[in-house]
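The sequence shown: position 73 = 191 (this note's numbering), numbered continuously.
First the structure, in the form of structure tokens, and then the observations on it.
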Amino acid sequence: LGEDAVTGMIDGSIVLWKARASTKMVAAHNGPITTMYTISDTENKSIDSRELGPRVFSGGKDGFIHLWDSQFNKLWSLDFNTTTPLSACPQIQAVASRENKVLIGTKAS
């Protein structure tokens with residue numbers, strides 16, 4: 119996100135920071151955000167070439183993963199509470215992306 123910073127909060131919100139001041143807050147998860155991962159402009163082309171710009175993955179204790187654009191509009195979501203096979207503990211612990219693939223770790227992985 120360039121010079122900006124992003125934090126995931128215990129209440130499930132994401133905060134965008136510019137020059138040490140919070141400029142935007144988004145309700146992202148029902149409960150704590152446990153992991154975040156950024157995708158740069160160059161990596162982004164493999165995920166969605168329609169719109170360039172950095173992206174951010176967020177994962178939470180609620181078992182959801184969301185993909186956000188640089189303005190924190192939600193682009194994609196996955197609910198691990200409803201996947202098959204069902205995870206014994208779907209809390210998201212890690213997320214990463216490479217070559218149009220997403221790697222997700224849950225507490226029960």
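Cβ atoms here follow ideal geometry from the backbone N, Cα and C, with glycine treated the same way.
Quick caveat, the model's predicted, so the values are computed rather than measured.
Three-state secondary structure assigned by DSSP to residue i
i, result
"M154", "strand"
"T125", "strand"
"K225", "coil"
"Q189", "coil"
"C207", "coil"
"E175", "Position check: residue 175 holds Phe in this sequence, whereas Glu was assumed. DSSP places F175 in strand when its eight states are reduced to three."
First through last residue of the beta strand (DSSP E) which encompasses residue i
i, result
"G181", "Premise fails: G181 is in no beta strand (DSSP E) and is neither H nor E."
"D145", "According to the sequence shown, residue 145 is Ala rather than Asp. Element bounds for A145: A139 to A145."
"Q211", "I210 to R216"
"L134", "S131 to K136"
Buried versus exposed, by CB contacts within 10 Å (16 or more), residue i
i, result
"D129", "exposed"
"A146", "buried"
"R138", "exposed"
"L221", "exposed"
"S164", "Unreliable positioning characterises S164 in this predicted model, as indicated by a pLDDT of 48, which lies under 50. A coordinate reading is not provided."
Among the options, the one whose alpha carbon lies nearest that of residue i
i, options, result
"T224", "N191, E217 and S205", "S205"
"I151", "V220, V213, A226 and L221", "V213"
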